[in-house]
Structure formats: structure tokens, C-alpha cells
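Engineer: So the sequence shown is numbered by the working numbering: it starts at 1 and just counts up by one.
If you scroll down you'll find the structure; I have some questions about it.
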Amino acid sequence: MDVLQAAIAVLATISMFVFSLKGFSNELQIWGANRLKIWLGKITKTRFGGFLFGVILTALVQSSSVVTSIATAFVDAGVISFEQSLAILVGSNLGTTFTAWLVAFNITGMGSVLLVLGTLLGWLPFRIHLAGKSIFYLGLILFSLNLINSSLIPLKESPLMVHILEYSTNPWLGVLSGIILTAMIQSSSAVTGLAIVLAAQQIIPFSAALYLIVGCNVGTTSTALLASLKLNSAAKKTARANFIFNAAGLLFFLPILPILSHKIQELSISIGAQVALAHLFFNLTVALLVLPILPWVAKKWTSESTSIQ
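Following this line, the structure appears as C-alpha cells:
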């Protein structure tokens, strides 16, 4: 029964985390929706601008799924072109690593402070009260991560949990778990944060955490793919491109993950920081490989679509 109660507590705190992520991103979108449309066309005129925009926006809203869905919707609306959206997609994958560092550096303790600050700001009559909800939800994100950390402790002693997690060291099962979990809860940030907490508490080995975070990069593409089903062909291409970039990164890295795991574990840093560093290295490498060829990709896909029509 203790194990069941602990498992329910973990699921409850993860649900709180996902809810807070969605609330935080929604508030930021409402707060800056009009400005976003104005800035987007200007900033994304260059690949580097679009890339930086994807990095910063994802770090702010704490969700690459939200950013890729926004990019897909804006392509459908004609606000940005298919080529402009590609740089945003690449940047969003790098921006999602911000959450991992929040967890790795144990900044989650700031959650309570931000919850109180956000509540107080929400009571003020000035325009600053608009930021109150965003700060409140950011505090809730950090607070729920802290709760996840605490609620996982009882599971460390569970023989059943240990037996189940033995399978997580298998590369394909670990990656598949990351894909499925992320697709189910629609948040790569939640899965990444959970992987870091599990590794930090030595519930799963570092290699298993690595497989999970690599898998969640592919799982997070499901949001944009689903959102694009009722959109135009350009928006569908944006969603498919996001999936292809992440899947290609997975296939490229999977054979060298054992080597990467070994090298990172040699560093004299905490396990949480090791997982966050691996996550950053993976996404940064994929970005550096993909960013230079984006014009060719856009031209190739556009010409193919034209020839089909």
C-alpha cells in the first residue's frame, strides 16, 4: 500500500507540474499575443533571428510543444513562411533545455517565493498585475518539481519499482518510454525534469535518464503533428519537419550515446547536472547540424510540393 500511495503522490505532483506548465504558457501567450505577431515577422527574417526567437520563447513558456504549435499555427495563418518556421523549430529544441538546468541546479526551492510574489502582484491595481499570474504559474512549476522530488523518495526502497526500472537501461526501451511518456502528457519539460530527479536520487542510472530525454525530443513533436491535421499544407510541412529533425537527431545520436554517457560521467559535477549537460549537448549538436541546411530543406520541400500539385 505504501508503494501505491507513493505512486499516486508522484502522479499527482506530475499532474500539477503539467497543469502549471500549461497555465504559465497560456498566460504568457495572452499577455504578449499581439506583440508576438508584430515581432515574429521581423525577427524571423533571418535564420539566426528565428533560431534565437525559438530558444528564448521556449525558455520563457517552458514548453517546446507550445512553441512548435504556435509556429505551425502562424504558418497556417500566413504570419510567417514555412522557411521562417524551421529556424524557430530548431531553436525551440534548444530552449527546452532551460528546464533541465532549473532542476539540476535545485532552483526549485524558489517556487514558494514566486507563488507568494505572483499572488501579491495579482492584487495590485497597476498593469504589473498582468505579470502576477505568469509569476504565480512559474512558482507553481518549481514548487511541483520540488514535490516530485520529495514524493519519489519512498519508491527507492520498493523492490517492484527497482525490478521495473531494470528495463530502463535498455536503449530502445528507454527511448521508447521517453517518446510515449512525452506524447501522453504533452510535455518534454515534465519528462526531462522527472528523468533528472530519478537519476539524482539514484532510482535510475544515468544512462537510463539519457535515453529518456533523447526519446522525449521525438515525443514532443506529437503536439504540433496533431495540431496541424486541420491546417493547410504549409503548416503540415512545418509539423512534419519538426518530427523529422528530432527523429534524425535521435538516429544520429543513438549509436554514440554509450560513449557520450561515459564521457559525461567522468565530469566532477552532480548527476542532475550531468543529465542536463547531456540534454544540452544533444540539442545543441542537432541545432548546429540542421541550421546551416535550412534554406536547402525549405527549397527542396517547397519544390516537391509544387511539382506534386
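Just so you know, even glycine gets a beta-carbon here, dropped at the ideal spot from N, CA and C.
What you are looking at is a predicted structure, and each value in this text was computed from that prediction instead of being measured.
Verify whether the separation of the beta carbon atoms of Asn286 and Phe245 is less than 8 Å.
Structural biologist: Numbered from 1 along the sequence shown, position 286 holds the residue referred to as residue 286. Numbered from 1 along the sequence shown, position 245 holds the residue referred to as residue 245. The residue asked about is misnamed: residue 286 is Val in this sequence, not Asn. Yes, these two residues count as a Cβ contact at 8 Å.
Engineer: Quick one: what does DSSP say Phe105 is sitting in, helix, strand or coil?
Structural biologist: In the sequence shown, the residue the question calls residue 105 occupies position 105. In this structure, Phe105 counts as coil in the three-state DSSP scheme.
Engineer: Give, in chain order, every unbroken run of the alpha helix (DSSP H) that is at least 4 residues long and sits entirely within the stretch 57-128.
Structural biologist: As far as the stretch 57-128 is concerned, its whole alpha helix (DSSP H) runs of at least 4 residues are 64-77, 82-95, 97-104, 111-123.
Engineer: Output the residue ranges of the alpha helix (DSSP H) runs that lie fully inside the stretch 242-294 and measure 4 residues or longer, sorted by chain position.
Structural biologist: Whole alpha helix (DSSP H) segments, 4+ residues: 257-265, 271-290.
Engineer: Using CA coordinates, which residue listed in Ile204, Lys237, Val175 is at the minimum distance from Asp76?
Structural biologist: Mapped onto the sequence shown, residue 76 falls at position 76. Among Ile204, Lys237, Val175, the Cα nearest to that of Asp76 belongs to Lys237.
Engineer: Looking at C-alpha atoms only, which residue of Val79, Gly78, Leu94, Phe48 is the closest neighbour of Asn242?
Structural biologist: Counted from its first residue, the sequence shown places residue 242 at position 242. Considering only alpha carbons, the answer is Leu94.
Engineer: Hey, could you find the ends of the alpha helix (DSSP H) Pro171 is sitting in?
Structural biologist: Position 171 of the sequence shown, counted from the first residue, corresponds to residue 171. First-last of the alpha helix (DSSP H) with Pro171: 171-185.
Engineer: Does Ile213 come out as helix, strand or coil in the three-state DSSP assignment?
Structural biologist: Taking the first residue of the sequence shown as 1, we reach residue 213 at position 213. Three-state result, Ile213: helix.
Engineer: Compare the Cα-Cα distances from Ile43 to each of Val61, Ser63, Ser81, Ser69 and report the closest residue.
Structural biologist: Translated into the one-based positions of the sequence shown, residue 43 becomes position 43. Here the closest residue by C-alpha is Ser81.
Engineer: What does a CB cutoff of less than 8 Å around Leu250 pick up in its chain, not counting 5 residues either side in sequence?
Structural biologist: Along the sequence shown, one-based indexing puts residue 250 at 250. Once the five neighbours on either side are set aside, the close Cβ partners of Leu250 are Val175, Val214, Gly215, Asn217, Val218.
Engineer: Could you check whether the stretch 220-237 touches the stretch 249-263, counting it as contact only if at least three pairs of C-beta atoms, one from each stretch, sit closer than 8 Å?
Structural biologist: Verdict: no, contact absent.
Engineer: Could you give the distance in angstroms between the alpha-carbon of Ala209 and the alpha-carbon of Ala195?
Structural biologist: Working through the sequence shown from its first residue, we reach residue 209 at position 209. Working through the sequence shown from its first residue, we reach residue 195 at position 195. Their backbone Cα atoms lie some 5 Å apart in a straight line.
Engineer: Applying the 10 Å Cβ sphere with the 16-neighbour rule, what's the burial state of Ser69?
Structural biologist: Numbered from 1 along the sequence shown, position 69 holds the residue referred to as residue 69. So Ser69 ends up on the buried side.
Engineer: Evaluate contact between the stretch 83-91 and the stretch 102-121, counting only Cβ atoms and requiring at least three cross-stretch pairs below 8 Å.
Structural biologist: Because the criterion of three Cβ pairs below 8 Å is not met, the stretch 83-91 and the stretch 102-121 do not touch.
Engineer: Nearest to Leu260 by CA position, among Leu225, Phe206, Thr72, is which residue?
Structural biologist: If you number the sequence shown from 1, residue 260 lands on position 260. If we check each option's Cα against that of Leu260, Phe206 comes out closest.
Engineer: To the nearest angstrom, how far is it from the Cα of Leu280 to the Cα of Ile179?
Structural biologist: Mapped onto the sequence shown, residue 280 falls at position 280. Mapped onto the sequence shown, residue 179 falls at position 179. Approximately 18 Å between the Cα atoms of the pair.
Engineer: Going by C-alpha to C-alpha distance, which of Ile135, Leu257, Gly272 sits closest to Asn203?
Structural biologist: Position 203 of the sequence shown, counted from the start, is the residue given in the question as residue 203. In the sequence under discussion, the amino acid at residue 203 is Ile, which differs from the Asn named in the question. If we check each option's Cα against that of Ile203, Gly272 comes out closest.
Engineer: For the alpha helix (DSSP H) holding Ile196, just list the boundary residues, first then last.
Structural biologist: Here residue 196 corresponds to residue number 196 of the sequence shown, with the count starting at 1. Ile196 -> alpha helix (DSSP H) spans 188-200.
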